Amino acid sequence: MMVEIWVVTFPVSRHLISVGQTWLDADETARLTQITSPIAQDRFVACRTVLRTVLSHKMQCAPTDFRWKYGASGKPELPGAPWGFNISHSGDFGLVAVASSAYIGVDIEGLSDRRNLNAIARHVFHPDELAVLESVPAGNRARFFYDIWVRKEAVTKWLGDSIFQVKQISVLDALSSPAQVVVDGRGAAWVLPLRISSRFAAAVAIDAAGVPECPTPDIREWGDSLLTTTVGY
Ligand SMILES: CC(C)(COP(=O)(O)OP(=O)(O)OC[C@H]1O[C@@H](n2cnc3c(N)ncnc32)[C@H](O)[C@@H]1OP(=O)(O)O)[C@@H](O)C(=O)NCCC(=O)NCCS
3 MMVEIWVVTF
13 PVSRHLISVG
23 QTWLDADETA
33 RLTQITSPIA
43 QDRFVACRTV
53 LRTVLSHKMQ
63 CAPTDFRWKY
73 GASGKPELPG
83 APWGFNISHS
93 GDFGLVAVAS
103 SAYIGVDIEG
113 LSDRRNLNAI
123 ARHVFHPDEL
133 AVLESVPAGN
143 RARFFYDIWV
153 RKEAVTKWLG
163 DSIFQVKQIS
173 VLDALSSPAQ
183 VVVDGRGAAW
193 VLPLRISSRF
203 AAAVAIDAAG
213 VPECPTPDIR
223 EWGDSLLTTT
233 VGY
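Residues in the sequence shown are numbered consecutively from 3, following my numbering.
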């Protein structure tokens with residue numbers, strides 16, 4: 003199995019944005035008009051453009067050939083395509099994850115101890131996760147919180163659900179080393195951390211069906227040179 007994580011560092015070039023804007027479909031254009039912050043608009047366009055570029059290289063088609071289908075909770079997918087994919091963006095970084103023949107979920111979050119982490123955790127953490135969080139020294143609490151959060155969010159996004167639906171799933175086993183997380187009736191995913199920056203937590207969940215060994219993602223820095231070799235452009 004091949005898993006690639008494309009790391010997009012913001013701000014991206016105006017060239018990427020201006021090319022990407024011409025590739026947006028009607029749904030994406032409508033989404034763009036609902037995003038009020040110009041910075042968030044650029045992040046949305048940049049990640050969709052990187053996704054279209056990477057998939058067009060994999061599938062040898064034009065980046066405008068894709069017709070996304072959206073799941074019940076909004077996950078964009080290409081049913082029947084040989085590549086699964088997912089996007090996450092936070093602060094300085096966007097991640098575009100692609101996996102050959104597998105559902106995948108990815109999440110990145112900037113570390114912040116300004117929010118009431120314990121209160122948020124009570125809504126989404128499993129009781130075992132909550133018990134550990136409450137025992138962690140205050141100075142390590144933000145790191146622990148986000149390490150759990152991104153693993154749960156990656157599992158959520160692998161499933162195409164919402165974060166509140168994974169409250170009953172503990173990801174503690176995947177904290178110190180990659181591990182399979184089993185979701186009753188939905189299968190299992192390999193869950194592993196991604197080391198992007200010391201100020202961020204990030205993780206990926208990769209469908210484990212027929213994948214006995216945990217895949218090692220190939221982490222790549224996005225550069226606009228890939229854009230210039232895109233099929234049809
Ligand atoms: C999508 C969700 C799982 C993660 O959101 P987030 O951490 O704010 O955002 P991220 O940057 O990590 O991910 C956003 C990307 O994931 C993808 N995505 C959207 N919904 C998704 C879902 N349900 N599952 C997987 N991926 C999803 C999209 O590509 C999106 O990128 P885009 O803005 O370019 O379209 C979260 O918002 C959620 O739970 N959504 C479901 C809707 C819901 O139940 N909301 C609760 C409101 S109370």
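Ideal Cβ placement from N, Cα and C applies to all residues, glycine included.
Note that the structure is predicted; figures quoted are calculated from it, not measured.
If you follow the alpha helix (DSSP H) that residue i is in, where does it begin and where does it stop?
i: A203; result: Note, A203: premise wrong, no alpha helix (DSSP H); beta strand (DSSP E) at F202 to D209.
i: T24; result: R16 to W25
i: L135; result: P129 to S137
i: D44; result: P40 to M61
What do you reckon, is the C-beta of residue i under 6 Å from a heavy atom of ligand 1?
i: H125; result: no
i: S39; result: no
i: G93; result: no
i: P81; result: no
i: T218; result: no
i: S20; result: no
i: G189; result: no
i: C49; result: yes
i: D109; result: yes
If contacts are defined as beta-carbon pairs under 8 Å, then residue i and residue j qualify, I think. What distance do you get, rounded to the angstrom?
i: I198; j: A204; result: 5 Å
i: T66; j: W8; result: Actually they are not in contact, since the Cβ atoms of T66 and W8 sit about 19 Å apart, beyond 8 Å.
i: I243; j: G86; result: Because the chain is modelled from 3 through 235, residue 243 falls outside the range shown and cannot be assessed.
i: R45; j: F12; result: 6 Å
i: G22; j: R50; result: 6 Å
i: A48; j: V14; result: 4 Å
i: R153; j: A176; result: 5 Å
i: S103; j: L97; result: Incorrect: roughly 20 Å between the Cβ atoms, too far for contact.
i: A181; j: V193; result: 6 Å
On the DSSP bridge list, what partners appear for residue i?
i: L194; result: V206
i: Q182; result: W192
i: Y72; result: P78
i: V98; result: W8 and I89
Can you tell me where the beta strand (DSSP E) with residue i in it begins and where it stops?
i: I89; result: W85 to S92
i: W8; result: V5 to T11
i: E215; result: Looking at the DSSP string, E215 is not in any beta strand (DSSP E), and its letter there is neither H nor E.
i: D109; result: I106 to G112
i: R222; result: D220 to E223
Say whether chain D places a C-beta atom closer than 7 Å to the C-beta of residue i.
i: G141; result: No chain D is present in this structure, which holds just one protein chain.
Contact between the segment 50 to 60 and the segment 223 to 230 (3+ Cβ pairs under 8 Å): As far as the Cβ criterion goes, the segment 50 to 60 touches the segment 223 to 230, which means the pair count is three or higher.
Inter-stretch contact at 8 Å, needing at least 3 Cβ pairs: the segment 138 to 146 / the segment 114 to 127: By the C-beta criterion, the segment 138 to 146 is judged to be in contact with the segment 114 to 127, since at least 3 inter-stretch pairs fall below 8 Å.
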